[in-house]
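Quick note on the working numbering: the sequence shown kicks off at 13 and runs consecutively.
Data first, discussion second: the structure below is written as structure tokens.
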Amino acid sequence: MTDLFQEPNDATPLDPALRGDLIQTWVTTRADLNEAEEENIIKGAAWARRRRGGTEALLSEDFSKSLHKQMFGEVWKWASTYRQIELNIGIAPHLVAAEMPVLFDNARFWVEHKTYSPDEIAVRLHHRLTQIHGFPNGNGRHARMMADLLIEKLGGKPFTWGSGSIHDTGTLRTTYVNALQAADDHDFGPLLEFARA
Numbered sequence: 013m014t015d016l017f018q019e020p021n022d023a024t025p026l027d028p029a030l031r032g033d034l035i036q037t038w039v040t041t042r043a044d045l046n047e048a049e050e051e052n053i054i055k056g057a058a059w060a061r062r063r064r065g066g067t068e069a070l071l072s073e074d075f076s077k078s079l080h081k082q083m084f085g086e087v088w089k090w091a092s093t094y095r096q097i098e099l100n101i102g103i104a105p106h107l108v109a110a111e112m113p114v115l116f117d118n119a120r121f122w123v124e125h126k127t128y129s130p131d132e133i134a135v136r137l138h139h140r141l142t143q144i145h146g147f148p149n150g151n152g153r154h155a156r157m158m159a160d161l162l163i164e165k166l167g168g169k170p171f172t173w174g175s176g177s178i179h180d181t182g183t184l185r186t187t188y189v190n191a192l193q194a195a196d197d198h199d200f201g202p203l204l205e206f207a208r209a
């Protein structure tokens, strides 16, 4: 049996102090945890797609936190709570609460002024959410969902994100992480390509 909290090397490690916040008592393996989170994420996606309102409502800190709660709140007590610890990725935890509203202000500006194509606006939102890494865990899945919801609001189809499961180890995850790192250096081409692959 593998460690329940074993993550791929390039994933956010789960702080041992937060492990006690697992709500689902039947979860004893990594496969169980993946199943519980996936079921919760499906419910969160359905909740988000039932919501009314345009990009203004979507591109807000309140919606972002509510979405995280809907995606992970049946599995983790800390769902929707900004992280308070340093991670192997992301900005310093004390900056998260200040940077999230700035991101959403920027994204609303990009939409209003058509600063980039709809795909690039959504991908830039996704990238900055992963760069900030606001939550203890689930940041990539949350960021991909936010990007999918935004592109739908902008009239596009949801992204395929490499047409596979990114949270597993392997070539697809490596391609995704490399594309995120290129975007860190202001080259969004690989991430745009990956989002539609």
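Glycine included, each C-beta is placed from N, C-alpha and C at the ideal position.
As the structure is a computational prediction, the values presented were derived from the model and not from experiment.
Query - Euclidean distance between Cα positions of residue 206 and residue 54 - result: Mapped onto the sequence shown, residue 206 falls at position 194. Mapped onto the sequence shown, residue 54 falls at position 42. As the crow flies, the alpha-carbon of residue 206 is around 22 Å from that of residue 54.
Query raised in the report: How about residue 108 and residue 95: are their beta carbons less than 8 Å apart?
Result: Locating residue 108 in the sequence shown gives position 96, counting from the first residue. Locating residue 95 in the sequence shown gives position 83, counting from the first residue. Cβ distance < 8 Å, so residue 108 and residue 95 count as in contact.
Report task. State the Cα-Cα distance for the pair residue 166 and residue 82, rounded to the nearest angstrom. Result -> Translated into positions along the sequence shown, residue 166 becomes position 154. Translated into positions along the sequence shown, residue 82 becomes position 70. Roughly 22 Å separates the two Cα atoms.
Report task. Out of 202, 150, 170 and 178, point me to the one whose CA is closest to residue 80's CA. Result -> Mapped onto the sequence shown, residue 80 falls at position 68. Of 202, 150, 170 and 178, the residue nearest in Cα terms is 150.
Report task. Determine the DSSP secondary structure at residue 38, reduced to helix, strand or coil. Result -> Your numbering for residue 38 matches position 26 in the sequence shown. Correct three-state label for residue 38: coil.
Requested in this report: With residue 76 as the anchor, note down where its alpha helix (DSSP H) starts and where it stops.
Outcome: Position 64 of the sequence shown, counted from the first residue, corresponds to residue 76. That run of the alpha helix (DSSP H) goes 73-84.
Report task. If I'm right that residue 99 touches residue 137 with Cβ under 8 Å, what's the distance once you round it to whole angstroms? Result -> As a working mapping, residue 99 is identified with position 87 in the sequence shown. As a working mapping, residue 137 is identified with position 125 in the sequence shown. At roughly 20 Å, the Cβ-Cβ gap does not stay under 8 Å, so residue 99 and residue 137 are not in contact.
Query raised in the report: If you count every other CB in all the chains shown that lies within 10 Å of the CB of residue 177, and 16 or more means buried, which is it?
Result: Counting from one through the sequence shown, the residue named residue 177 turns up at place 165. When all chains shown are included, residue 177 counts as exposed.
Query raised in the report: Within 10 angstroms of its Cβ, does residue 133 collect 16 or more other Cβ (buried), or is it exposed?
Result: In the sequence shown, residue 133 corresponds to position 121, counting from 1. Counting Cβ neighbours within 10 Å, residue 133 comes out buried, since at least 16 surround it.
Query raised in the report: Looking only at its own chain, which residues have a Cβ that is under 7 Å from the Cβ of residue 13, when we skip the five neighbours before and after it?
Result: Taking the first residue of the sequence shown as 1, we reach residue 13 at position 1. The predicted position of residue 13 is uncertain, since its pLDDT is 43 and thus under 50; a value taken from the coordinates is nonetheless stated next. So the list reads 41, once near-sequence residues are dropped.
**Report entry** residue 69 burial status per 10 Å Cβ neighbour count (16 or more: buried)
**Finding:** By 1-based counting over the sequence shown, the position of residue 69 is 57. Label assigned to residue 69: exposed.
Query raised in the report: If you run the structure through DSSP and keep just helix, strand and coil, what is residue 13?
Result: In the sequence shown, counting from the first residue as 1, residue 13 sits at position 1. Residue confidence is low: residue 13 scores 43 on pLDDT, short of 50, so the model does not pin down where it sits. Its coordinate-derived value is still stated next. DSSP places residue 13 in coil when its eight states are reduced to three.
Report task. With a threshold of 16 other CB atoms inside 10 Å of the CB of residue 49, please say whether the residue is buried or exposed. Result -> Residue 49 sits at position 37 when you count from the first residue of the sequence shown. The residue is buried, with at least 16 neighbouring Cβ atoms inside 10 Å.
Requested in this report: Identify which residue in 106, 75, 129 and 103 has its Cα closest to the Cα of residue 200.
Outcome: Mapped onto the sequence shown, residue 200 falls at position 188. Minimum Cα distance to residue 200 is reached at 129.
Query raised in the report: Residue range of the alpha helix (DSSP H) that residue 198 falls in?
Result: Here residue 198 is taken as the residue at index 186 of the sequence shown, counted from 1. Where residue 198 is concerned, there is no enclosing alpha helix (DSSP H), given that its DSSP letter is neither H nor E.
Query raised in the report: Exposed or buried, what is residue 144 when buried is set at 16 or more other beta-carbons lying within 10 Å of its beta-carbon?
Result: For the purposes of this step, residue 144 is identified with residue 132 of the sequence shown, where counting begins at 1. Residue 144 should be labelled buried.
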